[in-house]
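In the numbering used here, the protein residues as written are 4 to 388.
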Amino acid sequence: MSILARVLIIGPIAEDRQVLAQAIFSLGHTVIETSSEKDALLKFKTVRPDLVLLSVGAACPEHFEILDYIKYDVSSHNISVIVISDGADISSIVKSIEMGADDYLTRPVQAPILKAKVNASIEKKLLRDRDENYRNQIELYLEEVKDKNAQVQSLLRVLTHDIANPLTIIQGNISIAHSNFKNKKELSEKYFEKIERATQNIADILQHVRQMQAIESGKLTVKLGPVDIGEAIGDGLFTFKEKLDAKKVSLVVENQLPADRKIMAEKISFSNQVLNNLISNAIKFSAENNIITICAKEVEHNFVQINICDQGIGIPTTLLSNIFMPNKKTSRKGTAGEEGTGFGMPLVKTYIERYGGSIEIKSKTIDEFPDSHGTEVILKLKRAI
């Protein structure tokens with residue numbers, strides 16, 4: 004027999020247990036013996052038997068409690084039980100089967116019948132275990148599908164809302180243009196600008212969603228390599244110079260890393276999706292003459308920490324708790340009316356986790372902390388060795 008099992012023999016008489024044990028040993032199974040109900044209950048937790056041979060009857064009435072335990076204990080309910088009784092004690096056999104016993108034997112126990120019933124009970128137990136595993140896997144799969152469907156539905160609701168806003172702007176400005184200008188060539192540049200910004204906002208939303216879905220589905224792989232933080236920050240300064248100047252916001256860099264120190268990331272996504280998103284947010288929620296600080300330093304366990312701090316209006320607690328969830332509405336206008344997609348921070352977190360790093364956000368709102376408001380984003384990334 005290829006299926007080897009742990010068999011627990013529970014009975015008050017040592018000689019009876021020994022006879023049963025010898026027959027079961029010959030089948031290759033592991034045998035554990037006990038005469039105590041208390042010790043038997045302990046062995047259910049420590050040994051986790053596959054089969055129990057349980058003596059029942061007038062000599063051991065307390066053994067019916069063991070059947071109750073097996074029936075109602077979640078971790079033990081799949082254990083097979085064969086009860087052993089005197090041939091004349093029909094009532095104990097009937098009671099045992101009604102309480103969940105799988106089979107029975109009568110004394111004197113005949114070895115061939117014992118062996119056949121032991122093997123059959125173990126096979127049934129194995130089948131029950133397999134069925135339960137299959138059920139658990141199916142339930143887990145169905146739960147995952149349910150969660151995915153819920154996420155998709157929530158994401159669709161957010162997308163519908165976020166895309167509806169810029170579309171309304173486009174439609175409204177086209178309507179105004181038609182009403183106010185007989186000659187279409189006289190269309191004011193301000194309407195073109197609003198339409199252009201609205202269409203760009205839609206494009207940004209769709210691009211962020213596509214990227215997140217591509218990463219999660221495995222269609223977009225992130226290949227890690229050494230990335231120079233100084234260069235990445237320099238690219239960000241170049242990209243946002245006009246926005247910084249327009250809002251009269253200063254950006255200060257405090258790079259405390261050795262000149263040759265690099266992080267493990269993917270250069271393009273780290274610059275374009277991670278740093279650019281974080282710098283853009285800092286500018287967006289900063290007021291005139293505010294200062295944004297980017298500090299990079301080494302920390303413990305071969306990590307590099309990047310802190311991006313601003314003196315902006317801060318993030319309300321209700322938004323902060325959902326800021327990394329793409330299916331939650333978190334977008335809001337900046338201090339100069341700048342639009343957002345609400346998908347930037349979930350995308351940042353997705354990339355940071357792909358790099359093997361972590362992201363944390365601390366924020367104080369201007370309403371609660373009028374003298375010390377602002378947001379700090381803390382990135383921890385693996386050092387390239």
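From the three backbone atoms N, C-alpha and C, an ideal C-beta is built for every residue, glycine too.
Asked                                                                                                                        : Found
In DSSP terms, what Lys367 is bridged to                                                                                     : Gly377
Backbone secondary structure at Met4 - three-state DSSP                                                                      : Below a pLDDT of 50, predicted positions are generally treated as unreliable, and Met4, at 44, falls in that range; no measurement from the model is reported.
Phe372 - DSSP class collapsed to helix/strand/coil                                                                           : coil
In chain order, each alpha helix (DSSP H) run of at least 4 residues that lies wholly inside the region 46-102               : 67-75 and 93-101
Local conformation of Ser253 per DSSP, three classes                                                                         : strand
Between the CA atoms of Val10 and Val230 - distance to the nearest angstrom                                                  : 59 Å
Alpha carbon of Met328 to alpha carbon of Thr224, nearest angstrom                                                           : 21 Å
Residue range of the beta strand (DSSP E) that includes Asn310                                                               : Phe306 to Cys312
Reference Tyr358, options Ile35, Asp263, Ser253 and Glu269, closest by Cα                                                    : Glu269
Close-in-space but distant-in-sequence residues of the same chain around Ile282 (CB under 6 Å, 5 per side omitted)           : Gly239 and Phe243
Chain-order list of residues whose beta-carbon lies under 6 Å from that of Ile355 (same chain, five-residue window excluded) : Ile362
Rounded C-alpha distance that separates Gln210 from Phe306                                                                   : 30 Å
Secondary structure, alpha helix (DSSP H): runs of 4+ residues fully inside the region 279-349                               : 279-287 and 320-323
Rounded distance between the beta-carbons of Leu350 and Ile286, thought under 8 Å                                            : With a Cβ gap of about 18 Å, Ile286 and Leu350 do not count as contacting.
Status (buried if at least 16 other CB within 10 Å, exposed otherwise) for Ala8                                              : buried
When Ile316, Glu234 and Glu245 are compared against Ala262, the one with the closest alpha-carbon                            : Glu234
Backbone CA spacing between Asp42 and Ala387 [nearest angstrom]                                                              : 56 Å
DSSP state of Ala268 mapped onto helix, strand, coil                                                                         : strand
Boundaries (first-last residue) of the alpha helix (DSSP H) holding Ile27                                                    : Ala17 to Phe28
Lys397 burial status per 10 Å Cβ neighbour count (16 or more: buried)                                                        : Not covered by the structure: residue 397. The range shown for the chain is 4 to 388.
Proximity to Asn422 [Cα-Cα], best of Lys48, Phe346 and Asn279                                                                : Because the chain is modelled from 4 through 388, residue 422 falls outside the range shown and cannot be assessed.
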